[in-house]
Amino acid sequence: MDLSPSSLNDSEATYASPTSNTPKKPIHRRLWLTLKKRTMNIIPSWFAVTMGTGALSILLFNSPYQFNGMQTIAGILFGLNVVIFITLLILNILRYSIWPSLLPLMLTSPVNLFTGTFPMGLCTLVTMTVNSLVPVYGYNFVMLAYVLWYITVAISIVTCVGIPFIQMSRQDVTERQIFATAMLPTVSTIVAASTGATVATELPDNQAKITVVFCYILLGMGLPMSMLLMANYIYRLLLYKLPHSSIISSVFITIGPCGQSAYAIVKLSSVVRQLVQQNGLIPFTSVYDPDIAHLAATCLHTASIPMALFVWGFGVLWFLFAVVSFADTWAYKRIPLNLSLWACTFPIGTLALSAQELGRDMDMVGMKVVSVILMMLLVVIWVFLFPTTVYYGVIKDTWFASPCLAEVGGSPPTLDDVVFNNRKY
3 MDLSPSSLND
13 SEATYASPTS
23 NTPKKPIHRR
33 LWLTLKKRTM
43 NIIPSWFAVT
53 MGTGALSILL
63 FNSPYQFNGM
73 QTIAGILFGL
83 NVVIFITLLI
93 LNILRYSIWP
103 SLLPLMLTSP
113 VNLFTGTFPM
123 GLCTLVTMTV
133 NSLVPVYGYN
143 FVMLAYVLWY
153 ITVAISIVTC
163 VGIPFIQMSR
173 QDVTERQIFA
183 TAMLPTVSTI
193 VAASTGATVA
203 TELPDNQAKI
213 TVVFCYILLG
223 MGLPMSMLLM
233 ANYIYRLLLY
243 KLPHSSIISS
253 VFITIGPCGQ
263 SAYAIVKLSS
273 VVRQLVQQNG
283 LIPFTSVYDP
293 DIAHLAATCL
303 HTASIPMALF
313 VWGFGVLWFL
323 FAVVSFADTW
333 AYKRIPLNLS
343 LWACTFPIGT
353 LALSAQELGR
363 DMDMVGMKVV
373 SVILMMLLVV
383 IWVFLFPTTV
393 YYGVIKDTWF
403 ASPCLAEVGG
413 SPPTLDDVVF
423 NNRKY
């Protein structure tokens, strides 16, 4: 696919060729064409950048071992992440406003799986709002986080239900085409559940109770479905082997459901115990006896830790699989630099975040150290990927490419040319 500005409009092709005798277009015209091209080719997978950056900011802010300025660095990353998220959101809004046909085109292509990255990226901002802004600015930011969380819940549910339904009804999917990205829509509800647990720690009792109930429902929507998809993914790997080197980092995505679920399980039980200590009422029962409520909350929290360890251990297994797969591919193939490399950041972050929470709850130094090791690994990856993304994605402009647009020749079709209701059943 030709992604040069000349592909957008043949009449503008003259400036793109350095050997052309025709004078170059004015700089403002070239900037406009570049912005037009990037807007046309922006895809949801770019929100993986906000997911990885957000996960790192959360880990740095909550690290069990702090140094002077560490939370300041986390705050800077949070601010940077807000800017990135808003920029990507504006570009996506412009894309589907200017070229409405690109929305159904995207939703009926394999790119639709990456719509799950949007609510997950927003969840990292909500979490950091609670962590860093609420202690300083108070209740107004609690309400901001609460409203934003409900927005992420709505988007996550629509994504979790809608994208698999589109795949079942309007896409032809073969076994070879099943990748770990299939889990992204379902993982979004798990991330929303864990974020809700964080928000609930700052809410009044009644709102916190409702939030906790919602979070358990969201966890139930995401975790079992993710496990089913993992089974399909293992089946695909056994039959068709590892993904191509250009998308080998996608093998890390399988860590995400495990790491985030482990965190959600522990965090929600901690919130329940906190609510019982405050008002003697456990959220999802009608027990009004404070002693029984305290006992029930303690039992729930105690049972949640081994359950979270069980799920976290499954995540460690996938982490080891992913590392070995990536290393083995790297040993004999060139792994190209592309946007898919961000796929490894957030999953590693979830594994580190759950280790942080488990280490804090169990007061276990070993888990805290593991969380720091994983966090440092994420730091190294981010320090490499972020400037690489700025250089290749923003300066060199080589990462703005829309596969669904390439399939129709590189130019946006009309709405009449896009068939969304082409049912496969």
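Position in the sequence shown (from 1) plus 2 gives the number in the working numbering. The beta-carbon is built from N, C-alpha and C at its ideal position, and this holds for glycine as well.
1. Residue 317 and residue 260: beta carbons closer than 7 Å?
2. Can you give me the Cβ contacts of residue 427 inside the same chain, cut-off strictly under 7 Å, excluding the 5 residues immediately before and after it?
3. Just tell me which of 229, 288, 185 and 232 has its CA closest to the CA of residue 211.
4. Nearest by alpha-carbon distance to residue 122: which of 153, 403 and 379 is it?
5. Please go through the segment 328 to 395 and give each complete alpha helix (DSSP H) segment of 4 or more residues, from N-terminal end onward.
6. Buried or exposed for residue 358, please, with buried defined as at least 16 other CB atoms from any protein chain shown within 10 angstroms of its CB.
7. Quick one, are the C-beta atoms of residue 134 and residue 192 less than 7 Å apart?
8. Could you check if residue 10 is buried or exposed, using at least 16 other CB atoms within 10 Å of its CB as the buried criterion?
9. Between 244, 132, 306 and 400, which has its C-alpha nearest residue 269's C-alpha?
10. At which residues does the alpha helix (DSSP H) containing residue 38 begin and terminate?
11. Using a Cβ-Cβ cut-off of 6 Å (strictly less than) and excluding sequence neighbours within five positions of residue 298, which residues of its own chain qualify?
12. Are the segment 67 to 86 and the segment 30 to 41 in contact at 8 Å, needing three or more beta carbon pairs?
13. So, under 8 Å CB-CB, residue 129 and residue 60 are touching, yes? Tell me the CB distance rounded to an integer number of Å.
14. Candidates 381, 355, 382 and 380: which alpha carbon is nearest residue 369's?
15. Any contact of the segment 213 to 228 with the segment 236 to 253, i.e. 3+ C-beta pairs under 8 Å?
16. For a test of the three-state rule: what should DSSP assign to residue 290, helix, strand or coil?
17. Taking the straight line between their C-alpha atoms, what separation do you get for residue 8 and residue 310?
18. State the start and end residues of the unbroken alpha helix (DSSP H) segment that holds residue 257.
19. As a quick exercise: from 150, 182 and 320, pick the residue whose alpha carbon is nearest that of residue 198.
20. For residue 21, which residues of its own chain have a beta-carbon under 7 Å away from its beta-carbon, when the five flanking residues on both sides are left out?
21. Shortest alpha-carbon distance to residue 388 belongs to which of 226, 29 and 54?
22. Mind pulling the alpha helix (DSSP H) runs of 4 or more residues that sit fully within the segment 156 to 206?
23. DSSP three-state call for residue 420: helix, strand or coil?
24. Have a look at residue 77 and residue 390 and give me their C-alpha separation to the nearest angstrom.
25. According to DSSP, is residue 73 part of a helix, a strand, or is it coil?
26. So residue 204 and residue 136 are in contact, right, with Cβ under 8 Å, and what is the actual spacing, rounded?
27. Could you tell me if residue 312 is buried or exposed, where buried requires 16 or more neighbouring beta carbons within 10 angstroms of its beta carbon?
28. If you compare alpha carbons, which of 155, 185, 245 and 239 is closest to residue 226?
29. According to DSSP, simplified to helix, strand and coil, what is residue 102?
In short, the structure shows the following:
1. yes
2. 171
3. 288
4. Just measuring C-alpha positions, the residue of 153, 403 and 379 sitting nearest residue 122 is 153.
5. 347 to 364 and 367 to 390
6. buried
7. No, they are not a contact pair.
8. Reliability fails at residue 10, whose pLDDT of 39 lies under 50, so the model's placement of it is uncertain and no value is given.
9. 306
10. Here the alpha helix (DSSP H) through residue 38 covers 29 to 43.
11. 284
12. no
13. 5 Å
14. 355
15. By the Cβ test, the segment 213 to 228 is not in contact with the segment 236 to 253, since fewer than three Cβ pairs between them sit closer than 8 Å.
16. For residue 290, the three-state secondary structure derived from DSSP is coil.
17. Residue placement at residue 8 is poorly supported in this model, since its pLDDT is 39, which falls under 50; the coordinates still yield a value, given next. Cα atoms of residue 8 and residue 310: separation of roughly 53 Å, rounded to the nearest angstrom.
18. For residue 257, the enclosing alpha helix (DSSP H) begins and ends at 257 to 281.
19. Comparing Cα positions, the closest option is 150.
20. Confidence at residue 21 is low in this model, with a pLDDT of 43, below 50, so the placement of that residue should be treated as unreliable; the coordinate-derived value is given next. Once the five neighbours on either side are set aside, residue 21 has no close Cβ partner at all.
21. 54
22. 186 to 202
23. coil
24. 22 Å
25. helix
26. 6 Å
27. exposed
28. 185
29. coil
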